[in-house]
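S.K.: Protein chains in written order, with the working numbering: chain A, 1 to 208; chain B, 1001 to 1425; chain C, 2001 to 2302.
Glycine included, every Cβ here is placed at the ideal spot set by N, Cα and C.
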């Protein structure tokens, strides 16, 4: 994590993240640790450490079985092969063929082309037609999910690590796709950490 | 005894007579009949088992109790609350004797004061065994420690309990010492303290009630009626215990007990048992008629909550005992039978012990402040410690009663020195 | 009665007294184990606020040594003071919290809690939608989350501005610092648990036994008033991770939160996230009617 005295950015800018759909990679503990700046004694109050949005480690909507278990395949593995002549986007998810066939889609009644470029699925576009690289996906999310984007900007949506006091250290933030699969964004249900066992323990204590 | 001594006493050499007084007290404490030795032996054994259990509690931690972060006070604090009431109840003898000048009561009033001493010893004992760090008790001493006075009600309680102990120790010690010297006690050396102790007795139990009533997070305790209820129940258990003690002392120690003194105590009891029941009913009405989350503890106590009914049998036993005792006390045909009367006194004593002990402390924590329902049952170790403290208190009470009985029979005086009386108690 | 009955009785009494003293000593023998782990300096240690800087340094060094001896871990115990101009506040977005208990777990490890009891300063209640009645909450849920029709209410110390726990402590072993954090001097607490009875939020914990933590799992970054390993028989509580937050870092529970439901910061800083939440969200506090004035706020998204 680059540490430097940058000017405060009011709006968080994603820094060239590569995409991932490996849902909840962060949840599973793959995220880099919190930045620590034990030695950073910055006394200039106007100086601010940056807020860095977490870069998802790799991108894939495809997972395959391998000796090491389920492995996500980066998009570029395939899409770089037909950069010159990209396959056209189907109208509906059900029409997907090839490696993407059978992909689960649950993101409202949105057609593929609402977000993906019709001629190149590895690129995105805003409602205005402006083309975006995958790395700018958060700008695409926020055009529909305004309240969430606003809360994110004000630190009340989306996980973070690091310093509350940015005059003393930087902060790392989650990317939308760290938690939300863009094709099925609803947060999935999963088993929580174990329930409290304080009272059971006390009852089992010796010399009772 | 309550007339001002006018005889010009010869100067007394307290420096020589007071040690002899203490020696006599010590002698009286270790000398007696086989029955006395047996009784004291049993109490000592129980106290030792308790001491051992307490030592274990400190070595292994309070996980040896049945307590938890949900129910963080239990048997110890329940008994503490009860014995403070017992101490305050002793005043019900002092008031008739000193405020109304009841001559018969005057002869046995010291029993009430001695009970207060024994009960406060137990109260301090129960606080000590409830501490997670008894080694840091000195933090509560003004001077080396930091007493959070007047903010913490617990510090008030320390002040009033120790004050009450000192007042009663002074009054009893002074009266016995004068008896020992064969003199009439001088009013100015003890009557003002007795008057203060009357007010003090009310404060002792009021402050103990405020310990709980002041906690807004515990709706079960957060009631203005708590202190009046505490006093009412104290004035049930105190006189009941004293009447029983008087009868036992009369029989075993030869203490002269005027029937009129017992009658006065029974008259008081007839009122206080009713007041106590009335206040309980008043509390129950408010809780059950209102309903809602704040009444969860009361529901747990009397009808059970979410399938948990641990205390329900106890609560109804307590109500049954108190009502039955009230019926006996208020029906002349029944209370005329001495055995039944004494049974009724024991019943109301047990009834209040349940109501004010486990029935008051434990439901304050069930459900917890986050409305979790974690039941509590005292562990075996906890019971051992508790019986140990009771044994200690009964030992103090037994010994002081013996001295008082000896003094009342004129067997406790300087003239007799420290030679054991023939025929012993 | 025989002539020699008096001397015989005296002899019996002396015998009885000797026997009694022996049994008494035997009965209290377990206390030896209790006092073994205690040093004289530890016994006589003054209240935190009365320690001179030199005395405090010695105390910290002694505690580090004791941790090394008892737990086999090399730790650093620091004394971190509040920063002037900083008042902490915490807010929690109930619309986003999914009840995964990761904050509970993070607290458990960060604060060197006893492993056997799996203690933590945070308890998460599974609540029924449409009700804020705690009586209908359940802390022991153990199924996939978020469950339909439920929301989740994590509760920890609310760092009240008017803390009932501080008022009732008989020995001033717990107090509120200028940044709003209520702390405990674990070496001054007598373990009466009055504060635990007074707290309306189940925020305080008692050390029913000496905590057990394997040496390699001990978090070595410790502070005197926060996460150092607590002695047996004293109270403890959430300190908003003051060993982290007084250095500008986020509390461990916030960093562990996967959804970003937790917002923490200096409420005196107008540009802080916590200020934005307090100004723009309809926040509420638990048990407001008790007048405790928590610094811990909850809110739902609109």
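#1: Closer than 7 Å: is that where the CB of residue 1320 (chain B) sits relative to any heavy atom of the ligand GTP?
#2: Only counting the same chain, and skipping five residues up and downstream in sequence, which positions put a Cβ closer than 6 Å to that of residue 1197 (chain B)?
#3: Got a sec: is the Cβ-Cβ distance from residue 197 (chain A) to anything in chain C below 8 Å?
#4: Where residue 1138 (chain B) and residue 2035 (chain C) are concerned, what is the direct C-alpha to C-alpha distance, given to the nearest angstrom?
#5: Just verifying my parser: in three-state terms, what is the DSSP assignment at residue 2127 (chain C)?
#6: What three-state label does DSSP hand residue 2079 (chain C) in the structure shown?
#7: Where does residue 2222 (chain C) sit, in a helix, a strand or coil, going by DSSP?
#8: Would residue 2065 (chain C) be called buried (16 or more neighbouring beta carbons within 10 Å of its own) or exposed?
#9: Taking all protein chains shown into account, decide if residue 2049 (chain C) is buried (16 or more other Cβ within 10 angstroms of its Cβ) or exposed.
#10: So that I know if they touch, is there some Cβ in chain A lying closer than 8 Å to that of residue 1157 (chain B)?
#11: Quick one: which residues of the region 1173–1186 of chain B get their C-beta closer than 8 Å to a C-beta of chain C? List them in chain order.
#12: Beta strand (DSSP E) containing residue 2154 (chain C): first to last residue?
#13: Assess, as a yes-or-no matter, whether the region 2106–2119 of chain C is touched by the region 2201–2215 of chain C under the definition of 3 or more beta carbon pairs within less than 8 Å.
#14: Kindly indicate which residue of A:108, A:95 and A:80 has the alpha-carbon position closest to the one of residue 186 (chain A).
#15: Terminal residues of the continuous alpha helix (DSSP H) containing residue 1316 (chain B)?
#16: Would you kindly work out how many angstroms separate the C-alpha atoms of residue 110 (chain A) and residue 101 (chain A), rounded to a whole number?
#17: Could you tell me which chain A residues have their CB closer than 8 Å to the CB of residue 1308 (chain B), listed as they occur along the chain?
#18: Would you mind sorting residue 1339 (chain B) into buried or exposed? The rule is 16 or more other CB atoms within 10 Å of its CB.
#19: Listed from N- to C-terminal order along the chain, which residues in the region 2019–2034 of chain C have their beta-carbon within a distance smaller than 9 Å of any beta-carbon of chain B?
#20: How many Å lie between residue 2176 (chain C) and residue 2182 (chain C) at the Cα?
#21: From the DSSP output, in three-state form, read off residue 1250 (chain B) for me.
#22: Please confirm if residue 2002 (chain C) has its CB atom under 8 Å from at least one CB of chain B.
#23: Residue range of the beta strand (DSSP E) that residue 1089 (chain B) falls in?
#24: I'd like to know if the region 2160–2180 of chain C and the region 2067–2083 of chain C are in contact, where contact means that at least 3 CB-CB pairs between them fall below 8 Å.
#25: Please check if any C-beta of chain C sits within less than 8 Å of the C-beta of residue 1363 (chain B).
#26: For residue 2154 (chain C), count neighbouring C-beta atoms within 10 Å of its own C-beta (all shown protein chains included) and say buried if the count is 16 or more, exposed if not.
#27: Around the C-beta of residue 87 (chain A), are 16 or more other C-beta atoms found within 10 angstroms, so that it is buried, or is it exposed?
#28: Please state whether DSSP places residue 83 (chain A) in a helix, a strand or coil.
#29: Return the residues of the region 2118–2130 of chain C that lie within a Cβ-Cβ distance of less than 9 Å from chain A, sorted by chain order.
#30: When the Cα atoms are used, what is the spatial distance from residue 197 (chain A) to residue 1078 (chain B)?
#31: Helix, strand or coil for residue 2185 (chain C), going by three-state DSSP, please let me know.
#32: Excluding sequence positions up to five away, which residues of its chain have a Cβ less than 6 Å from the Cβ of residue 1368 (chain B)?
#33: Checking 8 Å against the spacing of the C-beta atoms, do residue 1397 (chain B) and residue 1180 (chain B) come in under that value?
#34: How would you write the range of the beta strand (DSSP E) that residue 1382 (chain B) sits in, first residue to last?
#35: Along the region 2172–2192 of chain C, what residues have a CB closer than 9 Å to any CB found in chain B?
#36: Which residue marks the beginning of the alpha helix (DSSP H) containing residue 2234 (chain C), and which one marks its end?
M.R.: In short, the structure shows the following:
#1: Ligands are entirely absent from the displayed structure, and the ligand GTP is therefore not among its contents.
#2: Counting from one through the second chain, the residue named residue 1197 (chain B) turns up at place 197. Apart from the 5 residues on each side of it in sequence, residue 1197 (chain B) sits with its Cβ closer than 6 Å to the Cβ of 1167 in its chain, given in chain order.
#3: Taking the first residue of the first chain as 1, we reach residue 197 (chain A) at position 197. So yes, residue 197 (chain A) belongs to the interface.
#4: Position 138 of the second chain, counted from the first residue, corresponds to residue 1138 (chain B). Position 35 of the third chain, counted from the first residue, corresponds to residue 2035 (chain C). Separation of residue 1138 (chain B) and residue 2035 (chain C) (C-alpha to C-alpha, rounded to the nearest whole angstrom) is 16 Å.
#5: Along the third chain, read from residue 1 onward, the residue named residue 2127 (chain C) stands at position 127. Strand, per DSSP.
#6: As a working note, residue 2079 (chain C) is residue 79 in the third chain. DSSP places residue 2079 (chain C) in coil when its eight states are reduced to three.
#7: Within the third chain, numbered from 1, the residue matching residue 2222 (chain C) stands at position 222. In this structure, residue 2222 (chain C) counts as strand in the three-state DSSP scheme.
#8: Reading the third chain from its first residue, position 65 is the one you call residue 2065 (chain C). Its Cβ having fewer than 16 others within 10 Å, residue 2065 (chain C) is exposed.
#9: Working through the third chain from its first residue, we reach residue 2049 (chain C) at position 49. The residue is exposed, with fewer than 16 neighbouring Cβ atoms inside 10 Å.
#10: Position 157 of the second chain, counted from the start, is the residue given in the question as residue 1157 (chain B). Answer no: the Cβ-Cβ gap between residue 1157 (chain B) and chain A never drops below 8 Å.
#11: Listed in sequence order: no entries.
#12: What you label residue 2154 (chain C) is simply residue 154 of the third chain in a count that begins at 1. Counting along the chain, the beta strand (DSSP E) containing residue 2154 (chain C) begins and ends at 2150–2155.
#13: Because the criterion of three Cβ pairs below 8 Å is met, the region 2201–2215 of chain C and the region 2106–2119 of chain C touch.
#14: Along the first chain, read from residue 1 onward, the residue named residue 186 (chain A) stands at position 186. The option with the nearest alpha carbon to residue 186 (chain A) is A:108.
#15: Numbered from 1 along the second chain, position 316 holds the residue referred to as residue 1316 (chain B). Annotation: the continuous alpha helix (DSSP H) that includes residue 1316 (chain B) extends over 1312–1330.
#16: Within the first chain, residue 110 (chain A) is the residue found at index 110, counting from 1. Within the first chain, residue 101 (chain A) is the residue found at index 101, counting from 1. Residue 110 (chain A) and residue 101 (chain A): Cα-Cα distance of roughly 18 Å.
#17: One-based indexing of the second chain puts residue 1308 (chain B) at position 308. Under the 8 Å cutoff, chain A gives no residues; its nearest Cβ is about 13 Å from residue 1308 (chain B).
#18: Translated into the one-based positions of the second chain, residue 1339 (chain B) becomes position 339. Looking at its Cβ environment, which holds fewer than 16 other Cβ atoms inside 10 Å, residue 1339 (chain B) is exposed.
#19: Within the region 2019–2034 of chain C, the residues whose Cβ lies closer than 9 Å to some Cβ of chain B are 2020, 2023, 2024, 2026, 2027, 2028, 2029, 2030, 2031, 2032, 2033 and 2034, listed in chain order.
#20: Your numbering for residue 2176 (chain C) matches position 176 in the third chain. Your numbering for residue 2182 (chain C) matches position 182 in the third chain. C-alpha of residue 2176 (chain C) to C-alpha of residue 2182 (chain C): approximately 4 Å in a straight line.
#21: What you label residue 1250 (chain B) is simply residue 250 of the second chain in a count that begins at 1. The DSSP-derived three-state label of residue 1250 (chain B) is helix.
#22: For the purposes of this step, residue 2002 (chain C) is taken as the residue at position 2 of the third chain. Low confidence applies here, because residue 2002 (chain C) scores a pLDDT of 47, under 50, leaving its location unreliable; read the following figure in that light. Between residue 2002 (chain C) and chain B, the shortest Cβ-Cβ separation is not below 8 Å.
#23: Looking up residue 1089 (chain B) in the second chain gives position 89. That residue, residue 1089 (chain B), is in no beta strand (DSSP E); its alpha helix (DSSP H) goes 1075–1089.
#24: With a cut-off of 8 Å, the region 2067–2083 of chain C and the region 2160–2180 of chain C count as touching, because enough Cβ pairs lie within range.
#25: Residue 1363 (chain B) sits at position 363 when you count from the first residue of the second chain. Not a single C-beta of chain C is nearer than 8 Å to the C-beta of residue 1363 (chain B).
#26: Here the question's residue 2154 (chain C) lines up with position 154 in the third chain. The C-beta of residue 2154 (chain C) has 16 or more other C-beta atoms within 10 Å across all chains shown, which makes the residue buried.
#27: In the first chain, the residue the question calls residue 87 (chain A) occupies position 87. Around the beta-carbon of residue 87 (chain A), fewer than 16 other beta-carbon atoms lie within 10 Å, marking it exposed.
#28: One-based indexing of the first chain puts residue 83 (chain A) at position 83. Here residue 83 (chain A) sits in coil by DSSP.
#29: Taken in chain order, the members of the region 2118–2130 of chain C whose beta-carbon sits within less than 9 Å of a beta-carbon on chain A are 2118, 2119, 2120, 2123 and 2124.
#30: On the first chain, residue 197 (chain A) is found 197 positions in, with the first residue counted as 1. On the second chain, residue 1078 (chain B) is found 78 positions in, with the first residue counted as 1. Residue 197 (chain A) and residue 1078 (chain B) have their alpha carbons spaced roughly 26 Å apart.
#31: The sequence position of residue 2185 (chain C) within the third chain is 185, counting from 1. DSSP, reduced to helix, strand and coil, places residue 2185 (chain C) outside both helices and strands of the structure shown, so it counts as coil.
#32: The sequence position of residue 1368 (chain B) within the second chain is 368, counting from 1. For residue 1368 (chain B), same chain residues with a beta-carbon under 6 Å away, outside a window of 5 residues either side, are 1070 in chain order.
#33: Mapped onto the second chain, residue 1397 (chain B) falls at position 397. Mapped onto the second chain, residue 1180 (chain B) falls at position 180. Against a cut-off of 8 Å, the Cβ pair of residue 1180 (chain B) and residue 1397 (chain B) comes out as no contact.
#34: Counting from 1 along the second chain, the entry for residue 1382 (chain B) is found at position 382. Per DSSP, residue 1382 (chain B) lies in no beta strand (DSSP E) segment; the continuous alpha helix (DSSP H) that holds it begins and ends at 1380–1408.
#35: The residues in question are 2172, 2173, 2187, 2188, 2189, 2190, 2191 and 2192.
#36: Locating residue 2234 (chain C) in the third chain gives position 234, counting from the first residue. Under the DSSP assignment, residue 2234 (chain C) falls outside any alpha helix (DSSP H); it carries neither an H nor an E label.
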